[in-house]
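Some notes on the structure that comes next.
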Amino acid sequence: MHDINQLIENVRENEQIARKFFEIERCILSIGRCDQFVSTLTKEVQKQFNVPYVWVNLINEAPLSHLMESLEKTPNLRDRVMFSRRSHMVDVIKSSAKTILVNDDISKCQAIIPAVYQGVVHSLAISPLTIDGALVGLFCQADATQERYDPKLKDTFLLDQLAIKISICLSNVTAREKLEYLATRDSLTGLLNRRQLELMLDREFQRAKQEQRDLTVAFLDCDAFKSINDTLGHNCGDEVLEYIAKRLLKHVHKQGLAFRFAGDEFVFVLPGKSLNHGLQIAESLHEYLQSNPLHYKSNLVPITISYGGASVDSDRVSSYKQLLKLADERLYDYKNNRKRSVPTKVFKFLNRLK
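Under my numbering, residues 80 to 433 are what the sequence shown spells out, in order.
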């Protein structure tokens, strides 16, 4: 009789656990954005199973690299998502396709544990996540006690099933966000594209007028870009554009947005900032690029840029299109005024290669 009662009790407990897993699956299946997916998944696991530390570890390379920018900037996900190299994940799970439990020598897992949890967790459940059969991440649960995830005592069947569902949802969400990313970004540099520039400028111009605040637009152009392409090849030209784009992002970080307009032309927009402020950023970028040539194969390729800008307060324009046009015109005025010196260093370098 005792054995039967115990069996019934075990069945009830298993049924409750299964319901909790079902509730987690129900919550994540219909989510369309990756930030919401990670947030909901980790919070639901914490709530349903009272797990103190839950996070998703994703690879920082294709096919998930496009997620890094948005997820790392989401404040409430800082301890719920991290990006690591695939090799670091493989070092921990080896070739396992199933959940592994660790409660001894946690130091070997440090590369996949968020900094805020290191030294705190003493047992881990690590579930591999895959897309098309390839490892793309880990779903991690942790506790401050060693007993919580003891590999000698715990079964991982339900965690393995959950990991499969998470992988399917992650695949759907990332595919959707990849399409959105490609629709709004320049494929080479990763900067926002011209369509996004016009949408953003239209919105910010109206806001600047309503709130009576400034709005600055600056155009940038790579000097002697055609000559670089002709002399060193288009691969070098692509690297030059990527190099400029990366430095531009660093220079406008938290102040505005950067865009690739067309070819070797870039634009950055600074809501609430003056024209003088925008030109200072452009000049700072120009000085950096001039002092730090691109390393391309065995060459150091010098890069110089020209720039021009316009702002709502300085120029009293009546539309965002006029603001953009004026900044573009000033770019070419600036370029013509310094024609004698702008590409000289670049041309001398390219002539030596001919």
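Beta carbons are placed, not taken as given, at the ideal position from N, Cα and C, and that holds for glycine.
Asked, Found
"What is the DSSP secondary structure of T153, counted as helix, strand or coil?", "coil"
"Would you call the CB atoms of V169 and V135 closer than 8 angstroms?", "no"
"Going along the chain, which residues of its own chain have a beta-carbon closer than 7 angstroms to the beta-carbon of A406, five neighbours each way excluded?", "V296, A297, F298, G387, G388 and A389"
"Between the alpha carbons of L364 and Q189, how many angstroms are there, rounded?", "37 angstroms"
"Please report the straight-line C-alpha distance between V124 and G111, rounded to a whole angstrom.", "19 angstroms"
"Rounded to a whole number of angstroms, what is the C-alpha to C-alpha distance between V421 and E321?", "For V421, the predicted structure reports a pLDDT of 49, less than 50, and the residue's modelled location is therefore unreliable. A value from the coordinates is still provided. Rounded to whole angstroms, V421 to E321 spans 20 angstroms at the Cα level."
"In whole angstroms, give me the CA-to-CA distance for E366 and C301.", "13 angstroms"
"Tell me the rounded alpha-carbon separation between P350 and E344.", "20 angstroms"
"Out of T268, E140, I205 and D412, point me to the one whose CA is closest to D229's CA.", "I205"
"V380 and Q307 - do their beta-carbons sit closer together than 8 angstroms?", "Correcting the residue type first, residue 307 is Ile in the shown sequence and not Gln. Going by C-beta atoms, I307 is nearer than 8 angstroms to V380."
"Pick out whichever of V200, R286 and K325 has its Cα sitting closest to the Cα of T268.", "K325"
"State the Cα-Cα distance for the pair E148 and I83, rounded to the nearest angstrom.", "55 angstroms"
"What is the C-beta distance between V391 and L402, in whole angstroms, given that I count them as a contact (C-beta under 8 angstroms)?", "7 angstroms"
"Please list, in chain order, all residues of the same chain as V200 whose beta carbon is under 7 angstroms from its beta carbon, the five residues on each side excluded.", "Y132, I185, I192, A221, D222 and A223"
"According to DSSP, what are the bridge partners of V130?", "DSSP output for V130 lists no bridge partner at all."
"State the Cα-Cα distance for the pair E140 and R164, rounded to the nearest angstrom.", "7 angstroms"
"Check whether the segment 207–216 and the segment 149–157 touch, using three or more Cβ-Cβ pairs below 8 angstroms as the test.", "no"
"In the DSSP assignment, the alpha helix (DSSP H) including G357 goes from what residue to what residue?", "L354 to S370"
"What do you get for I179, buried or exposed, if any count of 16 or more other CB atoms within 10 angstroms of its CB means buried?", "buried"
"Quick one: what does DSSP say L270 is sitting in, helix, strand or coil?", "coil"
"Would you give the residue range spanned by the beta strand (DSSP E) that Y260 belongs to?", "No beta strand (DSSP E) holds Y260; the alpha helix (DSSP H) holding it covers F236 to T263."
"Report, in whole angstroms, the separation of the C-beta atoms of F284 and Y413, which I expect to be a contact under 8 angstroms.", "Not really, about 23 angstroms apart at Cβ, beyond 8 angstroms."
"May I have the straight-line CA-CA distance separating K244 from E104, to the nearest angstrom?", "7 angstroms"
"Could you say which of L271, L261 and K99 lies nearest to L328 if we only look at CA atoms?", "L271"
"Take I107 and list the residues in its own chain whose beta-carbon comes closer than 8 angstroms to its own, dropping the five residues that flank it on each side.", "F116, T119, L120, E123, K244, I245 and C248"
"In this structure, how does DSSP classify R98 when only helix, strand and coil are distinguished?", "helix"
"Pull up the CB-CB distance for F338 and V346, whole angstroms please, since I reckon it's below 8 angstroms.", "5 angstroms"
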